[in-house]
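Number of protein chains: 2
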Amino acid sequence: MPPDEPESPKIGLREKKKRKTRMTLQQQALRLFREQGYHATTIEQIAEASEISPSTFFRYFSTKEALVLEDEYDPVLIRAFQGQPPDLNPIQALRAAVSSGFAMFSQEEKDALRERTDLMLSVPELRAASLIQMNDSLLLIAEIVADRLERPRDDFEVLTFAGAVLGVMMSVQLYCSSNPEADFVATIDEALAQLEAGFPFVRHGSVL
Amino acid sequence: MPPDEPESPKIGLREKKKRKTRMTLQQQALRLFREQGYHATTIEQIAEASEISPSTFFRYFSTKEALVLEDEYDPVLIRAFQGQPPDLNPIQALRAAVSSGFAMFSQEEKDALRERTDLMLSVPELRAASLIQMNDSLLLIAEIVADRLERPRDDFEVLTFAGAVLGVMMSVQLYCSSNPEADFVATIDEALAQLEAGFPFVRHGSVL
DNA sequence: TATAAAATGATAGTAACTGTCAAATTAAAT
DNA sequence: ATTTAATTTGACAGTTACTATCATTTTATA
C-alpha cells in the first residue's frame with residue numbers, strides 16, 4: 001500500500017459522495033434558515049431535506065452552528081498572511097494578505113459569505129461561535145506576528161496587538177452588516193489603516 | 001401607594017430571600033463546577049445543592065452560563081467611565097475608569113472574578129457567552145466615546161476604536177489567565193498604554 | 001384574619017447532542 | 001466477478017438544557 005498524500009487522499013466514489021453530502025447539507029440548511037429562521041429549523045428537517053438520517057448529520061457537522069461557520073476563508077487568509085514578504089510590518093502584511101486573499105474568491109462566493117455573516121450577527125448562538133473562531137484566529141495571528149518580529153510567542157505586546165486587530169475586525173463585521181453598501185475588503189483596509197495610524201482622533205479628545 | 005424607587009424597590013422578606021437564593025445558586029454552582037467540572041454538573045445538581053426545584057432555577061438564571069457570567073463589574077466600570085472629566089481623551093478616561101472602578105472591589109471579590117475568568121476561558125460555551133457580552137459592551141463603549149468626542153453614534157472610526165479597545169481587553173484576559181502573578185488592573189493599564197502609543201513596535205517590523 | 005399577589009414546584013414537553021450496534025455501501029484482493 | 005475488509009450509514013435509546021403550563025404555597029396588604 002503506497003503512502004497516501006494527505007492533501008488528496010484519493011478521490012474515489014466515497015470521498016466524492018461525502019463532499020456532495022456536505023455541500024447539500026450546508027445549502028439546504030441555509031435555505032431553511034432563510035425561509036423559516038435558524039431556531040425554527042431543526043436538524044431533523046435539514047437531514048430530511050438532504051435525504052440523510054439525523055444521526056448521519058452529526059458525522060458531517062458536529063454542531064448545528066458549524067453548518068454556518070465552516071468556510072475556506074480563514075485558512076486562505078492565514079496562508080496569504082504567512083506568504084507576505086518579511087519587510088512589511090505586521091499591519092501592512094495583514095492588509096496585503098486581506099486584499100490578495102479575498103481576490104481569490106468570486107463575487108458569488110463573497111455574496112454567500114455576506115449572507116452568512118449577517119446570519120451570524122443576528123443569531124446569538126452563531127455570533128458566539130464565530131467570536132470563538134475569531135478568538136482562535138487571534139492566537140494564531142499572535143504566533144505568526146511574534147515569529148515575524150522574532151519575539152517570543154507569548155510576548156505580551158504582540159498578544160495585545162493581535163487582540164486589537166481582532167477587535168477591529170469585529171467592528172468591521174458590525175459596520176458592514178448595518179451598511180450593506182460598504183465593501184468588505186475596503187472597510188477592513190480602512191480599519192487597519194486607522195489602527196496603524198494609532199487612532200489619531202483619540203488625541204484630539206479635548207480639541208473641539 | 002407611594003411610587004417605589006426603582007433602585008431599591010422595597011426590601012421586604014421577599015426581595016431578601018430572592019437575593020439570598022441568587023447568591024446561593026451562584027456559590028453552589030461555582031463550587032460544583034470547581035469540584036466536578038462545568039459540563040459534569042447538571043442544573044438538577046445545582047438546584048438540589050441550593051434546595052430549590054430545577055424549575056425554579058430558570059426563574060433566577062435564564063441559562064447555565066449566566067451563573068458564571070453575571071457580575072457587577074460592567075455597570076460599575078461603565079459608570080466610572082462616564083464620570084471621567086471630558087478633557088481626557090478616550091483612552092486616558094478608560095484607564096482612569098478602570099483603576100478607580102476596580103478600586104471599589106475587595107481583594108476577595110477580585111479573586112472570585114479571577115476564578116470565574118479562568119473558568120470562562122477554559123469552557124468554550126462560557127467563553128462564547130462572555131465574548132457576546134463583550135460585543136455588547138463594545139457597542140456601548142462606542143456610543144459613550146462618540147458622545148465624548150461629539151461625533152455621530154455610528155461613526156466608523158469610533159466603532160473601530162471601540163473594537164480595538166475590546167480586543168485589547170480580550171488579550172489581557174488571556175494573558176492574565178496564563179500568568180497568574182500578573183495584576184489585572186496593571187495589565188489592562190499597560191495594554192491600553194500600548195494602544196494609545198499606537199503599538200510602536202509594529203513600525204519596527206523590518207528593523208532587526 | 002381575609003384577600004390579593006407573587007413565588008414555587010410538579011409535570012410534560014422539545015431539540016441538540018452522544019453512544020452503540022447492526023445493516024448497507026464501497027474499495028481492494030483474488 | 002466474487003469474496004473480503006473497511007467505511008459509512010441508520011435505527012434506537014439515552015442525556016441535558018431549556019420552555020410552557022398549572023396547581024399549590026408563601027408573602028404582603030387591607
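The listed protein sequences correspond, in order, to chains H and Z. Per this note's numbering, the very first residue in the first sequence carries number 1; after that it's consecutive. Per this note's numbering, the very first residue in the second sequence carries number 1; after that it's consecutive. Built from N, CA and C at the ideal position, the CB exists for glycine as well.
Listed along chain H are Ile132, each with a C-beta nearer than 8 Å to that of proline 124 of chain Z.
Counting only runs of 4+ residues, the alpha helix (DSSP H) found wholly inside the region 104-163 of chain H occupies 107-122 and 124-149, in chain order. Contact annotation for valine 68 of chain H against chain Z: no contact, minimum CB-CB distance about 14 Å [criterion: below 9 Å]. Here the C-alpha atom of threonine 117 of chain Z lies approximately 48 Å from the C-alpha atom of glycine 12 of chain H.
Straight-line measurement puts the Cα of isoleucine 46 of chain H at about 14 Å from the Cα of serine 62 of chain H.
For leucine 88 of chain H, no alpha helix (DSSP H) segment is defined, and its DSSP state is neither H nor E.
Listed in chain order, the non-local C-beta contacts of leucine 67 of chain H below 7 Å within the same chain comprise Leu25, Gln26, Ala29 and Phe61, local neighbours out to five positions each way being set aside. Residues of the region 37-68 of chain Z that bring their beta carbon within less than 8 Å of a beta carbon in chain H are absent altogether.
Fewer than three beta-carbon pairs drawn from the region 177-194 of chain H and the region 72-88 of chain Z are found closer than 8 Å, and the two stretches are therefore not classed as touching.
Proximity of phenylalanine 156 of chain H to chain Z, defined by a Cβ-Cβ separation below 8 Å, is satisfied. Secondary structure of alanine 182 of chain H (DSSP, three-state): coil. For serine 171 of chain H, the nearest beta carbon of chain Z is closer than 8 Å to its own beta carbon. By the neighbour-count definition (other C-beta atoms within 10 Å, threshold 16), glycine 101 of chain Z is a buried residue. In summary, methionine 23 of chain Z is exposed, with fewer than 16 beta-carbon neighbours lying within 10 Å of its beta-carbon over all protein chains present.
Note that the region 159-179 of chain H touches the region 134-147 of chain H; at least 3 beta-carbon pairs, one per stretch, sit closer than 8 Å. Among the CB atoms of chain Z, none fall inside 8 Å of the CB of arginine 34 of chain H. Under the 8 Å criterion on CB atoms, glycine 163 of chain Z is classed as interfacial with respect to chain H. Under the 10 Å beta carbon count, alanine 142 of chain H is surrounded by 16 or more other beta carbons and is classified as buried.
At a cut-off of 8 Å, the C-beta of glycine 167 of chain H has a neighbouring C-beta in chain Z. Between phenylalanine 201 of chain Z and leucine 88 of chain H, the C-beta gap is not smaller than 8 Å, which leaves the two residues out of contact. With 16 or more neighbouring CB atoms inside 10 Å of its own CB, alanine 146 of chain H falls in the buried class.
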